[in-house]
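The sequence shown begins at 50 in this note's numbering and counts up one residue at a time.
Just so it is clear, CB atoms sit at the ideal spot from N, CA and C, and this is done for glycine as well.
Note that the structure is predicted; figures quoted are calculated from it, not measured.
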Amino acid sequence: MDKYARLCKAAIDMRSRSYAPYSNFRVGAAVLTSDGHIFTGCNIENSAFSPSICAERCAVSKAVSEGYKLFDAIAIAGAPSGGSLKYCPPCGVCRQVLAEFAGGDLTVILARSETDYKVYKLQDLLPLSFGPDDIAGIKT
Ligand code: THU
Numbered sequence: 050m051d052k053y054a055r056l057c058k059a060a061i062d063m064r065s066r067s068y069a070p071y072s073n074f075r076v077g078a079a080v081l082t083s084d085g086h087i088f089t090g091c092n093i094e095n096s097a098f099s100p101s102i103c104a105e106r107c108a109v110s111k112a113v114s115e116g117y118k119l120f121d122a123i124a125i126a127g128a129p130s131g132g133s134l135k136y137c138p139p140c141g142v143c144r145q146v147l148a149e150f151a152g153g154d155l156t157v158i159l160a161r162s163e164t165d166y167k168v169y170k171l172q173d174l175l176p177l178s179f180g181p182d183d184i185a186g187i188k189t
């Protein structure tokens, strides 16, 4: 199995861990670090709604908290519970979080299966993003 297929499978499998009693929309994500590790995440909703976290940010948080901050790719798999997988794009907040650690070169994979997926670059999904280089130049 090639690396994108493995990443897609990891994201798809993580949907089973999704905690989404309010939307019933299950999302799994898997990030591939530049040295080949995979960290997975799922969406975790909350009865107060705003504390909910998306699958992508869950996966990134797990990776960063374990000391991994360089990413090559992320696979995302999302659909309503019981429904068939669509190409599920990352929300705007997750795009911004991905840009913090991965930059525009990050490969973003929208997975419907291990063999059916679309590949994008983050810079095409979040052009002209505000990032670490921008804040470094800001003086108060
Ligand atoms: N969701 C994600 O996990 N990732 C995204 O990028 C889009 C949305 C989750 C949040 C919420 O739990 C559910 O999908 C419906 O919006």
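Taking the straight line between their C-alpha atoms, what separation do you get for S96 and A78?
Taking the first residue of the sequence shown as 1, we reach residue 96 at position 47. Taking the first residue of the sequence shown as 1, we reach residue 78 at position 29. Spanning the two alpha carbons is a distance of roughly 22 Å.
I want to check one thing, is the minimum distance from the CB of G152 to the heavy atoms of the ligand THU below 7 Å?
The count along the sequence shown starts at 1 and reaches residue 152 at position 103. G152 Cβ: outside cutoff for every heavy atom of the ligand THU.
Buried or exposed: which applies to C103, given that a residue is buried once 16 or more other Cβ atoms fall within 10 Å of its Cβ?
Along the sequence shown, read from residue 1 onward, the residue named residue 103 stands at position 54. Result: buried.
Straight-line CA distance for K118 to V76?
In the sequence shown, counting from the first residue as 1, residue 118 sits at position 69. In the sequence shown, counting from the first residue as 1, residue 76 sits at position 27. Here the alpha carbon of K118 sits roughly 22 Å from the alpha carbon of V76.
The alpha helix (DSSP H) that contains C140, what's its start and end?
Translated into the one-based positions of the sequence shown, residue 140 becomes position 91. Where C140 is concerned, there is no enclosing alpha helix (DSSP H), given that its DSSP letter is neither H nor E.
Taking only heavy atoms of the ligand THU into account, decide whether any of them is closer than 7 Å to the Cβ of F74.
If you number the sequence shown from 1, residue 74 lands on position 25. Correct: F74 has its Cβ closer than 7 Å to the ligand THU.
Can you check which of these residues, A126, P100, D121 and R161, is closest to G90 by C-alpha distance?
The residue labelled residue 90 in the question sits at position 41 within the sequence shown. The option with the nearest alpha carbon to G90 is A126.
Tell me the DSSP secondary structure of P129 in three-state form.
For the purposes of this step, residue 129 is taken as residue 80 along the sequence shown, with counting starting at 1. If DSSP states are grouped into helix, strand and coil, P129 belongs with the strands.
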